[in-house]
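Following numbering that gives the first Met the number 0, the numbering of the sequence shown begins with 0 at its first residue and continues without gaps. Note that the Cβ used here is the ideal one computed from N, Cα and C, for glycine as well. Please read these numbers as outputs of a predicted model, since none were measured by experiment. Encoded as structure tokens, the structure appears first; notes follow it.
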Amino acid sequence: MFPQLEDYLASDPLHDPGADDEDEQWVVEKLLQPDASNVRTTDAVLNCPGCFTPVCYQCQAHAKHNRQWRASEVRNCVVDKSASLSMGIGDPTEYFAVRCEICKADVGLQDPEGVYHLFHVLESLA
């Protein structure tokens, strides 16, 4: 870094040089679940397109469909089980709408196994 910048940051009472590392550690401990190899990873952080509220901190990108995500847990969402949806005529699988708890925007579907399929979301790199 530049010497002047280091002096400025050292004298700035609002600057905490360890804050980013502490925040990252908190996210890893509180929001990400370990996988089979005990590694906490995610492909993206997903947000509601209507109000930008975070709806998923740990997800996996769909292998074939661009901008689709799969997750076992969501936040700030409600599942509407009052009406079931299907993917097409003759498909017996029932899906339920997943909506943002804050603004009620549709963000995806939940399948019968409880897996969330999120596709009306804004993703950010994790």
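Contact check, residue i vs residue j, beta carbons under 7 Å
i: Val78; j: Gln59; result: no
i: Val54; j: Val73; result: yes
i: Ala70; j: Tyr115; result: yes
i: Asn46; j: Leu121; result: yes
i: Thr41; j: Gln57; result: yes
i: Cys102; j: Gly17; result: no
i: Ser81; j: Glu93; result: no
i: Glu100; j: Cys76; result: yes
Buried or exposed by the 16-neighbour rule on C-beta atoms within 10 Å, applied to residue i
i: Leu13; result: exposed
i: Trp68; result: buried
i: Arg98; result: buried
i: Leu117; result: buried
For residue j and residue i, the rounded distance between their alpha carbons
i: Val106; j: Phe95; result: 11 Å
i: His119; j: Phe51; result: 12 Å
i: Pro91; j: Ser85; result: 7 Å
i: Glu21; j: Asp15; result: 10 Å
i: Asp19; j: Leu124; result: 16 Å
i: Ala104; j: Gln3; result: 48 Å
Within-7 Å CB hit, residue i to chain C
i: Val73; result: Here there is only one protein chain, and chain C is not present.
3 or more residues per run - each beta strand (DSSP E) lying fully within the segment 56-104: Listed in chain order, they are 68-70, 76-84 and 94-99.
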